[in-house]
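Below is one structure, written out as structure tokens, with a few remarks after it.
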Amino acid sequence: MPVFRFSALILAVVVTLPACSAPARETKPAAVVRDDFGTPVDFGKSPRRIVSLNPATTELLFSIGALPRVVGRSQWDTFPESVTTVPSLGQALRPNVEAILGARPDLVLLYASQDNRDAYDRLRRAGVMTVALRIDSIAQFERGTRLIGRITGDSVRADALVDSVHATLERVRAATASLPHPTVFIHAWDRPIIAIGGGSFQSQLLEIAGGRNVYGDIAAPSATVTLEDVVQRNPEYVFASPISAPKMRASASWRTIPAVRAGRLLVYDTLLIGRPSGNLGAAAVSLAALLHPGAVR
Amino acid sequence: MSVPRWIALVLALVLAALLAISIGAMSISPSDIWKAISGGEESVPVLVVRTLRLPRVALAALVGAGLGMSGAALQGTMRNPLAEPYLLGVSGGAAVGAVLATTLGFGAAVVPLAAFAGSIVAVLAAFFVAHTAGSRGDPRVLLMAGVVVGAFANAAIMVVLANAEPNVVRNALWWMMGSVSEGSWPQIAVLLGYLVVGGGILIVIAGQVDVLALGEESAAGLGLDVDRAIQRVFLLSSLVAAATVAAAGLVGFVGLVVPHLVRAGGVRRSRPLFVASALAGATLVVLADLLGRILRPPAELPLGAVTALIGVPFFLSKLRRLA
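Taken in order, these protein sequences are the chains called A and B.
Be aware that the first sequence starts at 82, since it is given in this note's numbering, and climbs by one per residue.
Be aware that the second sequence starts at 12, since it is given in this note's numbering, and climbs by one per residue.
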């Protein structure tokens, strides 16, 4: 674990350093930047045909204005709606390598899961620049955006996007810092019951918005929990999706939670808060509006 | 079976149920449990017992009872130690129904009905296959037909799930692993109805199963319509199993192993075997559900896996007496 942490730290430093010192970047190339499978990233190729098989990176390419160069996406990349004009190449995990090669890409972006290792190796062997990124947290979003911006030659817009997200998050954090931070259970799924854990960007957003995740002690991004354990932890608020919330309010089982009985089951915007994206700032603002109405303006 | 053994079986179930009601994420005092049952105040511990623990313990007991009895009846009738409701297409058909309903976007209210319909269709299909094979009641042909229908159902599930949304896959898998966590009183009442009627008839006609055990020719010689008797038991057991599947998803292992355990305990005749299998099945599932929710808090382990985890060692310890 310490070895992993240390290498993750180096990775973070290596990746964020050049991005922070923007003016120096042109003249003095920074240390080697690696993707999340540890392969050095090749800059300066200006890819013209991009395949992105991850909802987060596809949305990110849209946000930095690179969508016209995207020639393939996964079937799950459907947000915002304009990305659906790009042909779908199927699954994002264990993708169809033949379909990807058929799109004649010069850059492929994959989610950095071991499920994608094989496709990653095959694509690289086929001579296609392939970059694996894990975009699950706010820091990973900021790093991934700057990295993709550098690869595609859209650094200015990428950096502007990261800076604006960062500024909004800091504004929300400052506005709620002195307020009490109530405990919140974020309900992500009902069969089985899945709670957002401390490892998720949604948990980070909640802290910024002036709340405390009642399952913040769980390191994973999400975990299955029993309803009785939720009752035991006694959250002051319950956040649920627009679809789940009415069912939960009507359910005798969910009403064993005092917060639900007291009307503190609130609907959160699952579309806005569902993925780490350029909307992270807006997502924090919307969570803060639920917990501390009027605090952020 | 001797009277002390019956008392022990009933006591084991009562004890398992009391444990399951008392233990959980929240520590609850005996007085709160009493208030929950007697209809006292509405404090959080009382509500936890009344709306979360009591329904799930009751549902677990009924599911276990249904599967235990269904397995005992099928093994006796088919004269095959591997016969069990899930082998005869009940689980496969139910899974196809549940997966299709989930994929088509139907909610929690429709899935049990679809599972029930699926298992009935699968059982009837197996029945029809055996019938067209020219053998109305040959247990081996019925078993084969059930296994084949089950294999077809599995293939259908894989085709549907291969390209389903991750959320659908998660829902379907969760359902296939079995759970009583959402037990509700109306659901329990429906299952109880199926158990009382289906199980009741099985107990009434248990004598025919004993005659069948003598072999088909001897049974026919004793004046029993062998084919009809086998068909009747087959359909009733499947119906009871299908009702448990609709209520709690797939809870494996109970229908297969509980009857063997009871027989290892010295029960030979069908009527006491059915009743004892129901009691032992109920105890096993209640305990499995309890373990499932306390072994790895705050998560819950899948009921279908825990029944096997605690059932297998018990089964192995009795294996010598079974062999």
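Note that the Cβ used here is the ideal one computed from N, Cα and C, for glycine as well.
Gly157/B is positioned such that its CB atom lies no closer than 7 Å to that of Ala128/B.
No Cβ of chain B is located within less than 7 Å of the beta carbon of Asp217/A. Non-local beta-carbon contacts of Val348/A in its own chain, meaning distances under 6 Å to residues more than five positions away in sequence, involve Pro323 and Ala326 in chain order. Taking 7 Å as the Cβ-Cβ cut-off, the region 295–311 of chain A approaches chain B at Ala304, Thr305, Val306, Thr307, Leu308, Glu309 and Asp310, given in chain order. Here the alpha carbons of His373/A and His262/A stand approximately 9 Å from one another. Going by DSSP, Thr114/B is part of the alpha helix (DSSP H) stretching over Val101 to Thr114.
Leu191/A is bridged by DSSP to Leu134/A and Ala213/A.
The Cβ atoms of Val140/B and Gly100/B lie no closer than 7 Å to each other. Judged by beta-carbon spacing, Leu308/A lies within the 7 Å limit of Ile274/A, meaning their Cβ atoms are closer than that value. For Asp217/A, the closest C-alpha among the options Lys126/A, Ile277/A, Val164/A and Val377/A is that of Ile277/A. Against Ala333/A, the close residues of chain B are Thr62, in the order they occur along the chain (beta-carbon pairs closer than 7 Å). For the 7 Å CB-CB criterion, Gly292/A and Val253/A do not form a contact. For Asn91/B, not one C-beta of chain A is nearer than 7 Å to its own C-beta. For the options Arg274/B, Gly303/B and Val273/B, the alpha carbon positioned closest to that of Val306/A is the one of Gly303/B.
Within the DSSP bridge table, the entry for Ala321/A names Val348/A as partners. Under the three-state reduction of DSSP output, Ile267/A falls in the strand class. When secondary structure is reduced to three states using DSSP, Arg243/B falls in the helix class. Short of 6 Å from the beta carbon of Glu223/A, and not among the five residues preceding or following it, lie these beta carbons of its own chain, in chain order: Val243.
Under the DSSP assignment, Gly153/A falls in the beta strand (DSSP E) whose first and last residues are Val151 to Arg154.
Bridge pairing for Thr305/A: Ile275/A [DSSP]. Judged by DSSP secondary structure, Ile229/A falls within the alpha helix (DSSP H) whose first and last residues are Ile219 to Thr233. Identification of chain A residues near Arg304/B by a Cβ-Cβ cut-off of 8 Å yields Thr307 and Glu309, ordered along the chain. One thing to note: Ala106/B has its Cβ no nearer than 7 Å to the Cβ of Val122/B. The C-alpha of Ser38/B lies about 40 Å from the C-alpha of Val377/A.
Below 8 Å, enough C-beta pairs join the region 230–245 of chain B and the region 79–96 of chain B to call them touching: three or more. Taking the beta carbon of Gly35/B as reference, the chain A residues within 9 Å of it are Thr307, Glu309, Asp310 and Gln313, listed in sequence order. Between Leu29/B and the set Asp43/B, Val55/B and Val68/B, the nearest pair of CA atoms involves Val68/B. Not a single CB atom of chain B sits nearer than 7 Å to the CB of Pro323/A. Contact check between the region 251–270 of chain B and the region 354–364 of chain A: fewer than three CB pairs, one atom from each, fall below 8 Å, which does not count as touching.
If you compare the alpha carbons of Glu52/B, Leu22/B, Arg16/B and Val110/B with that of Leu184/B, the shortest gap goes to Val110/B.
Listed in chain order, the beta strand (DSSP E) runs fully inside the region 198–271 of chain B amount to none, counting runs of at least 3 residues. Nearest CB-CB separation between Pro263/A and chain B: not below the 7 Å threshold. When Cβ-Cβ separations below 7 Å define contact, Trp185/B makes contact with chain A. Closest by C-alpha distance to Gly280/A, out of Ala255/A, Thr249/A and Gln221/A, is Gln221/A.
Short of 7 Å from the beta carbon of Gln283/A, and not among the five residues preceding or following it, lie these beta carbons of its own chain, in chain order: Ile267, Ile277 and Ile354.
For Ala28/B, there are no C-beta contacts with chain A under 8 Å, since the nearest C-beta of that chain is about 17 Å from it.
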